[in-house]
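Q: Before I ask anything, let me first share the structure, which is written out below as structure tokens.
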Amino acid sequence: MTTTAPAFPDDLLQLQELLHRAHAEHRAYLAELPWSVEPMAGWARGERFSHRGDVPDSPGWSDEQKETVDRMRAELRDLSIAVVDHPHWATVPRESLVDARMQLKKQTRPVEPDDVTEAA
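First residue of the sequence shown? That's 18 in my numbering, and the numbers climb one at a time after it.
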């Protein structure tokens, strides 16, 4: 059984692409930050349970880093609301809504380097 991809409005496609991009930027930014928001002493592997081994001291996040994370979270929230509340969803039959939303995510997801290698 072959299903055709639903036609999504251009503005909804753009919103979902922006949301994917914002998620990726947020994850990358968080990965570069110290492990604790507030300054906290680290520990050696034997002192506490740690799947990562020794955990170094965390200097905490600067006020600028905290503001950046807050701004990024607000952007993610606003983009998520814009995608979910888009008028297009009122035109999709209720029983197809979840599948259509998943198709939108899949259709707009950026190509990962591994995806390109597997396709070759």
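Note that beta-carbon positions come from the ideal geometry of N, C-alpha and C, so glycine has one too.
1) Which of helix, strand or coil does DSSP assign to residue 128?
2) For residue 60, write down the residues that DSSP places opposite it in a beta bridge.
3) Give me the Cα-Cα distance between residue 115 and residue 125, rounded to the nearest whole angstrom.
4) Evaluate residue 33 with the Cβ neighbour count: other Cβ atoms within 10 Å of its Cβ, from every protein chain shown; 16 or more gives buried, anything less gives exposed.
5) May I ask you to report which of helix, strand or coil DSSP gives residue 81?
6) From residue 42 to residue 75, what does the alpha carbon distance come to, in whole angstroms?
7) For residue 36, count neighbouring Cβ atoms within 10 angstroms of its own Cβ and tell me buried if that reaches 16, exposed if not.
A: Once the coordinates are examined:
1) If DSSP states are grouped into helix, strand and coil, residue 128 belongs with coil.
2) Note: residue 60 is bridge-paired with 72 in the DSSP secondary-structure output.
3) 16 Å
4) With a threshold of 16 other beta carbon atoms within 10 Å, residue 33 meets it and is buried.
5) Here residue 81 sits in helix by DSSP.
6) About 22 Å.
7) buried
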